[in-house]
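Take the sequence shown: its letters are residues 353 to 669, numbered as in this note's numbering. Ideal Cβ positions, reconstructed from N, Cα and C, are used throughout, including at glycine. So the structure is just underneath, and the comments pick up after that.
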Amino acid sequence: MKEYTQISIKIPSQCEEAFTMCLFEAAAEGVEVEDPAIIQAHLDAGDWDASVFDGQQMELGEVGLRSLFPERELAEAAAEAARQLAAELGVTATIQLEQIPEVDWQSKWKESFVSIPVGERLWLSPAWDENRAPEGRVKLRINPGQAFGTGDHATTRMALCFLEEHLREGESIIDLGCGSGLLGIAGLKLGASHVTAVDIDPVCGPSVEEHCRLNGITEEQFTFHCGDVLSDEKLQRKLRRDNKADIVVANITAQVIFDLARIVGRFMSPGARLICSGILDEYAPDIADRLVNCGMAVIGEMHEQGWTSFACVPAYE
353 MKEYTQISIK IPSQCEEAFT MCLFEAAAEG VEVEDPAIIQ AHLDAGDWDA SVFDGQQMEL
413 GEVGLRSLFP ERELAEAAAE AARQLAAELG VTATIQLEQI PEVDWQSKWK ESFVSIPVGE
473 RLWLSPAWDE NRAPEGRVKL RINPGQAFGT GDHATTRMAL CFLEEHLREG ESIIDLGCGS
533 GLLGIAGLKL GASHVTAVDI DPVCGPSVEE HCRLNGITEE QFTFHCGDVL SDEKLQRKLR
593 RDNKADIVVA NITAQVIFDL ARIVGRFMSP GARLICSGIL DEYAPDIADR LVNCGMAVIG
653 EMHEQGWTSF ACVPAYE
């Protein structure tokens, strides 16, 4: 595999622009800048995890520049140009060259996605993982390259846990704001009989089809509608007439759930449950009040990483 040559330069902060231009003029395709002053400012503001920098001494007043060159001769020429610039400016520049092996970024990207357990029964696996799920768990294959829900976000995990807890064999599901279709497919894997999924974004259609294919889900089991359930009265009538569900799942945003609360009961069969997720903790009390005011009773609540999920049932039937 091909190697690159990396040039690393440490210079006074005020010279950053001059040396950056020097590297670009020496055929650098990009320049990475590391400024300890910016890091320190974030640490002082408390908006970065300070533990990452434990034991590190911030050398304020200096910046580091790094560039990769496909040929060592180019890197050496860049280093010589940087030395000449340092002499002209009368500053000290620490310059190092290092051989860097080429990285297979496709493989690196795949390494960041590993199979994980969710709840008591689910096993979420990237599509390329051919290993069996552990005994007692159901494998759910996902394509992390397809957006809108890969199971690695707290809101999706909580919705999956509630789905596992409340779904009964043979029940039907409506997934409002389905994204990749992950929740509905998980429901089918856990024993649901049919899923009707809705999303406003047409890009979700191909993603749903791909995930159904990966998991062996048929068209008879999973129906996708593209539309806005909040404003599309024709879609609302269709869901009321043809697809009232035993479980309605909505992993969207607090605002959409707030608006959805007034109509979601129309799509629920007697005894149905509502699972809603995607709610930031700060909005959870308002959403709970809204659900109650719209005729729901909250029977379950989960919190993870600053997010809240609710499980509800109609208060009056």
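Looking at the secondary structure, which residues open and close the beta strand (DSSP E) in which Val665 lies?
Trp659 to Pro666
For the segment 472-492 and the segment 379-386, state whether three or more C-beta atom pairs, one from each stretch, are separated by less than 8 angstroms.
In this structure the segment 472-492 does not touch the segment 379-386; the number of beta carbon pairs closer than 8 angstroms is below three.
Am I right that Glu656 and Phe662 are in contact with their C-beta atoms under 8 angstroms? What's the rounded C-beta distance?
So it is not a contact: roughly 13 angstroms between Cβ atoms.
Would you call the segment 624-632 and the segment 560-577 in contact, with 3 or more CB pairs under 8 angstroms?
no
Work out the CA separation of Ser524 and Val490 for me, nearest whole Å.
Cα-Cα distance, rounded: 19 angstroms.
What are the start and end residues of each continuous alpha helix (DSSP H) run of 4 or more residues lying completely inside the segment 502-579, in chain order?
Every alpha helix (DSSP H) stretch that sits fully inside the segment 502-579 and reaches 4 residues is listed by chain position as 506-518, 534-541 and 556-566.
Ile651 versus Cys374, Pro666 and Met373, residue with shortest Cα-Cα distance
Pro666
What separation, rounded to the nearest whole angstrom, lies between the Cα atoms of Val404 and Val415?
In this prediction, Val404 scores a pLDDT of 45, lower than 50, which makes its location untrustworthy; no coordinate-derived value is stated.
Between Lys590, Glu381 and Leu441, which lies nearest to Pro364 when the distance is taken from Cα to Cα?
Leu441
Going straight from the alpha carbon of Val644 to that of Arg618, what length do you get?
15 angstroms
Go ahead and label Trp480 buried or exposed: buried means 16 or more other beta carbons lie within 10 angstroms of its beta carbon, across all protein chains shown.
exposed
Alpha carbon to alpha carbon, how far is Gln436 from Asn495?
50 angstroms
Where does the unbroken beta strand (DSSP E) through Asn603 begin, and where does it stop?
Ala597 to Asn603 is the span of the beta strand (DSSP E), which, as asked, contains Asn603.
Where does Arg642 sit, in a helix, a strand or coil, going by DSSP?
helix
Under 8 angstroms between the Cβ atoms of Ile537 and Leu492?
yes
Counting beta carbon pairs with one atom in the segment 550-561 and one in the segment 574-588, are three or more of them shorter than 8 angstroms?
Put simply, the segment 574-588 touches the segment 550-561. At least three CB pairs are less than 8 angstroms apart.
Kindly indicate which three-state DSSP category Glu585 falls into: helix, strand or coil?
helix
Please identify the residue among Val616, Phe610 and Ala649 whose C-alpha is closest to the C-alpha of Lys596.
Val616
Given this structure, state the Cα-to-Cα distance separating Glu423 from Gly539, to the nearest angstrom.
53 angstroms
Option nearest Ser559 by Cα separation, candidates Glu572, His546 and His577
His577
Proximity winner among Arg589, Asp598, Glu454 and Tyr635, relative to Val608 (alpha-carbon distances)
Tyr635
Enclosing alpha helix (DSSP H) for Val385 [first to last residue]
Premise fails: Val385 lies in the beta strand (DSSP E), Glu384 to Glu386, not in any alpha helix (DSSP H).
As a quick exercise: from Val466, Gln358, Gly471 and Glu368, pick the residue whose alpha carbon is nearest that of Ala427.
Gln358
Under three-state DSSP, which class holds Ala380?
coil
Coil, strand or helix - Lys491 by DSSP:
Strand.
Using the Cβ count rule (16 or more neighbours within 10 Å means buried), how would you classify Asn483?
exposed
What would DSSP say about Ser477, mapped onto helix, strand or coil?
strand
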